[in-house]
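Residue numbering for the sequence shown is 10 to 300, as defined by my numbering.
Glycine included, C-beta positions come from ideal geometry on N, C-alpha and C.
Predicted model, so just to flag it, every value in this text is computed and none were measured.
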Amino acid sequence: MTDPTQDKTLLTRIRDLIGPGTTRVGWREMVIAGLAALVGIWAVYALTNWVAGPWAALLMVGSMGAAAVLLFAVPHGALSQPWPVFGGQIVSAAIGVSAAAWIPDPALAAGVAVGGAIAAMQLLRCVHPPGGATALIAVIGGAPVHELGYLYLVVPVLANTAILFAVAVIANYPFPWRRYPIGLARWDEPPAPPLTSRHLQAAVRDLNVVVDITPAELDAIARLAIAHATQDNSPLQVPVGERYVHAEAGKTDKDSVTIHKRFEGEDDGHGRGRITLNVVHREDDTEAGTT
10 MTDPTQDKTL LTRIRDLIGP GTTRVGWREM VIAGLAALVG IWAVYALTNW
60 VAGPWAALLM VGSMGAAAVL LFAVPHGALS QPWPVFGGQI VSAAIGVSAA
110 AWIPDPALAA GVAVGGAIAA MQLLRCVHPP GGATALIAVI GGAPVHELGY
160 LYLVVPVLAN TAILFAVAVI ANYPFPWRRY PIGLARWDEP PAPPLTSRHL
210 QAAVRDLNVV VDITPAELDA IARLAIAHAT QDNSPLQVPV GERYVHAEAG
260 KTDKDSVTIH KRFEGEDDGH GRGRITLNVV HREDDTEAGT T
C-alpha cells in the first residue's frame, strides 16, 4: 500500500516543478482580451499581406500573435510596456535582417539572429519575447521578406507593432484597472503603507531574476496586501468554562476598560489574565463605568 504522506510529497514536488498557474481572471477580462486581439491581429494580417504577400503575412502573424498575448492578456506586465514592445521588435528586426544579409548559412544565420536579438534586448532593457520570432522571420521568411531589406523594420514590423499598440490603448482605456500603458491605470488604493517604491524595487533586485511586473503594479499589490492583512482580524479565542469576570475603568486611559478574568478550579498562578478594550463609543459616564 502506498504511503499517503509520500504521495502528497510527490504531488507537492510535481507542483513545485511545474510552477504556479497564471492569475485567475473573470469572464469580462477574457472577453476584453479576446476581442482586442481579434481586431489587432486582423489588422496586422491585412497590412502584412498587402505589403509582402500571404507567406510573409503568415510568418509575421506568428510574432505579432505572441505580442498580442502580452498586450491584451498581460497589459501591465513589464514585458508588455511600450519600450520593450517597440524597442524589442525593432532591434530584433534589425539584427535578423543583418544576419540574413551577412551570413550565408541559414541555420547559423537563424541562430545568430535570435541569440543576438536576445542579447541586444537585454542590453537595452527592452526584453520582448516576440522579438525573437521577429528576428527569426527575417532569416527564414524567404524572398518576399529578404527583398524588403531594412525596410522590414518599418513595414511590416514597426507598422504592425504600432497597430497592436493602438488597439491595446483604445481597448483597455474604458476600464481604469486595465488601462495601457500601466502609467494610465488607476486602482482604488488604500492609504500608503510604511513601504516605499524604493524598498519594493530593492527587493525585486535582490531576487536577481527578470520579474514580469512593473514597479507601479508591484506597489499597488503591496498596498492591497497590507490592507487585506490589517482587515484580517481573527476572533479572540476564549476557553469554555465557568469564569469570574469584573471590569474597571482604565488606570492610564479614561477611554479604556480593563477586564480581569479567572477560571474556576484553576490554581492561583494559572488561568488568570486581563484584556484591555478601547472604548469607541460612550453614551454617558455612568453606563460606561458599569459595562
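Secondary structure of residue i, DSSP reduced to three states
{"i": "glutamine 90", "result": "coil"}
{"i": "histidine 85", "result": "coil"}
{"i": "aspartate 228", "result": "helix"}
{"i": "threonine 57", "result": "helix"}
{"i": "leucine 157", "result": "coil"}
{"i": "isoleucine 112", "result": "coil"}
{"i": "valine 136", "result": "coil"}
{"i": "isoleucine 235", "result": "helix"}
{"i": "proline 185", "result": "coil"}
{"i": "valine 34", "result": "coil"}
{"i": "isoleucine 222", "result": "coil"}
{"i": "arginine 195", "result": "coil"}
Residues near residue i in its chain [Cβ-Cβ closer than 6 Å; skip 5 each side]
{"i": "histidine 85", "result": "Ile191, Glu226"}
{"i": "alanine 177", "result": "Leu80, Tyr189"}
{"i": "leucine 245", "result": "Unreliable positioning characterises leucine 245 in this predicted model, as indicated by a pLDDT of 46, which lies under 50. The coordinate reading is nonetheless provided below. Nothing listed; no residue qualifies."}
{"i": "serine 123", "result": "Rather than serine, the amino acid found at residue 123 in this sequence is valine. Result list for valine 123: Gly141, Ala144, Leu145, in chain order."}
{"i": "glutamine 90", "result": "Pro190"}
{"i": "valine 48", "result": "Val176"}
Integer-rounded CB distance, given that residue j should sit under 8 Å from residue i
{"i": "phenylalanine 81", "j": "alanine 55", "result": "Rounded, the Cβ-Cβ distance is 18 Å, inconsistent with contact."}
{"i": "leucine 173", "j": "proline 138", "result": "At roughly 14 Å, the Cβ-Cβ gap does not stay under 8 Å, so leucine 173 and proline 138 are not in contact."}
{"i": "asparagine 169", "j": "valine 53", "result": "5 Å"}
{"i": "proline 165", "j": "valine 100", "result": "Not confirmed; about 16 Å, so no contact."}
Close-in-space but distant-in-sequence residues of the same chain around residue i (CB under 7 Å, 5 per side omitted)
{"i": "leucine 68", "result": "Ile146, Gly150"}
{"i": "glutamate 275", "result": "With a pLDDT of only 47 at glutamate 275, under 50, the local geometry of the prediction cannot be trusted, and the value read off the model is given with reservation. Around glutamate 275: no qualifying Cβ."}
Opening and closing residue of the alpha helix (DSSP H) in which residue i lies
{"i": "isoleucine 179", "result": "168-181"}
{"i": "valine 70", "result": "63-77"}
{"i": "isoleucine 149", "result": "139-149"}
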